[in-house]
Amino acid sequence: MYIPSFNKFEDRQQAIAFMQRYSFATIISVKDGLPVATHLPFLVQQKEDKIILSSHFAKANPQSEDIINNTALVIFTEPHAYISPKNYEKEQNVPTWNYLAVHAYGKCTLLDGEENKASLLKETIKYYDAAYLKQWDNLTDDYKQKMMKGITAFQMVVDDLQAKAKLSQNRTEKERENVINSLTNAGNANEKAIADYMSALNIKH
Numbered sequence: 000m001y002i003p004s005f006n007k008f009e010d011r012q013q014a015i016a017f018m019q020r021y022s023f024a025t026i027i028s029v030k031d032g033l034p035v036a037t038h039l040p041f042l043v044q045q046k047e048d049k050i051i052l053s054s055h056f057a058k059a060n061p062q063s064e065d066i067i068n069n070t071a072l073v074i075f076t077e078p079h080a081y082i083s084p085k086n087y088e089k090e091q092n093v094p095t096w097n098y099l100a101v102h103a104y105g106k107c108t109l110l111d112g113e114e115n116k117a118s119l120l121k122e123t124i125k126y127y128d129a130a131y132l133k134q135w136d137n138l139t140d141d142y143k144q145k146m147m148k149g150i151t152a153f154q155m156v157v158d159d160l161q162a163k164a165k166l167s168q169n170r171t172e173k174e175r176e177n178v179i180n181s182l183t184n185a186g187n188a189n190e191k192a193i194a195d196y197m198s199a200l201n202i203k204h
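Heads up, the sequence shown is in numbering that gives the first Met the number 0, so the first residue is 0 and it goes up one at a time.
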């Protein structure tokens, strides 16, 4: 990913927190010279110094076979906002877009066996819908086993993490304040999220 020095996410923990917050991501692999992508919910965990991503495909998805023991790219991105030139002090300017994105590269390995699949599904339910866990536990073993036979569970140890926060860092303090105010008042959740990230950045400055 192209990352100018002033747009780089310097804090690894911030990047991990972003991945956990916006964990419905896109996994991309290459087959026969063509990129293939699937959109999946991920568990993002840090174990010692390693970042581990876990998820599952529908077994019928051909990509579920192609990624095993191959390197894949997982892209985490969500909040973004159009930035109008009206926020800048000089008239001679052009529009742009503010956003955050994290690209995680690594080799995917299979989580095979009923026990591993069951553990992944339980952890996924706990993370995304803890209230459903009791209902899941009460489902019959036969039903759950059939569900698990239809998925390919995997994990990826991240060996290259690239994080970018394009948040008007190259603009003056006054222009950044203008952008934050404009986005905050827009009433759109995406724009408000970008304003919040920009405000946090301004505090650190």
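No residue lacks a Cβ here, since even glycine has one placed at the ideal position from N, Cα and C.
Classify residue i: buried if its beta carbon has 16 or more other beta carbons within 10 angstroms, exposed otherwise.
i	result
Arg-175	buried
Tyr-142	exposed
Tyr-131	exposed
Gln-62	buried
His-38	exposed
Ser-4	exposed
Tyr-1	exposed
Gln-154	buried
Lys-165	buried
Ala-57	exposed
Gly-112	exposed
Ala-152	buried
Phe-23	exposed
Gly-105	buried
Ala-162	buried
Lys-121	exposed
Ala-16	exposed
Ala-129	exposed
DSSP has residue i in a bridge; who is on the other side?
i	result
Asn-97	Ala-80
Asp-48	Its beta-bridge partners do not exist; DSSP assigns none.
Gly-105	Ala-71 and Val-157
Pro-34	Val-29
Ser-54	Phe-153
Ala-24	Leu-39
What separation, rounded to the nearest whole angstrom, lies between the Cα atoms of residue i and residue j?
i	j	result
Asn-92	Pro-84	6 angstroms
Gln-44	Leu-52	7 angstroms
Leu-109	Ala-59	15 angstroms
Ile-50	Ser-198	27 angstroms
Ser-118	Tyr-21	22 angstroms
Leu-42	Asp-10	20 angstroms
His-55	Ser-181	40 angstroms
Pro-94	Pro-34	30 angstroms
Thr-76	Ala-103	11 angstroms
Gln-168	Ile-150	43 angstroms
Val-157	Asp-195	28 angstroms
Asn-6	Ala-36	26 angstroms
Pro-40	Leu-200	28 angstroms
By the three-class DSSP mapping on this structure, what secondary structure does residue i have?
i	result
Leu-39	strand
Ala-188	helix
Ala-162	strand
Phe-8	coil
Glu-90	coil
Ser-118	helix
Ser-63	helix
Tyr-1	coil
Leu-200	helix
Ser-181	helix
Gln-144	helix
Asn-137	helix
For the pair the segment 189-199 and the segment 73-80, tell me if three or more CB-CB distances fall below 8 angstroms. yes
Per the contact definition of three or more C-beta pairs closer than 8 angstroms, is the segment 121-129 in contact with the segment 61-79? no
Report yes or no: do three or more beta-carbon pairs, one from the segment 86-102 and one from the segment 169-184, lie closer than 8 angstroms? yes
Can you find at least 3 beta carbon pairs, one from the segment 131-140 and one from the segment 95-115, that sit closer than 8 angstroms? no
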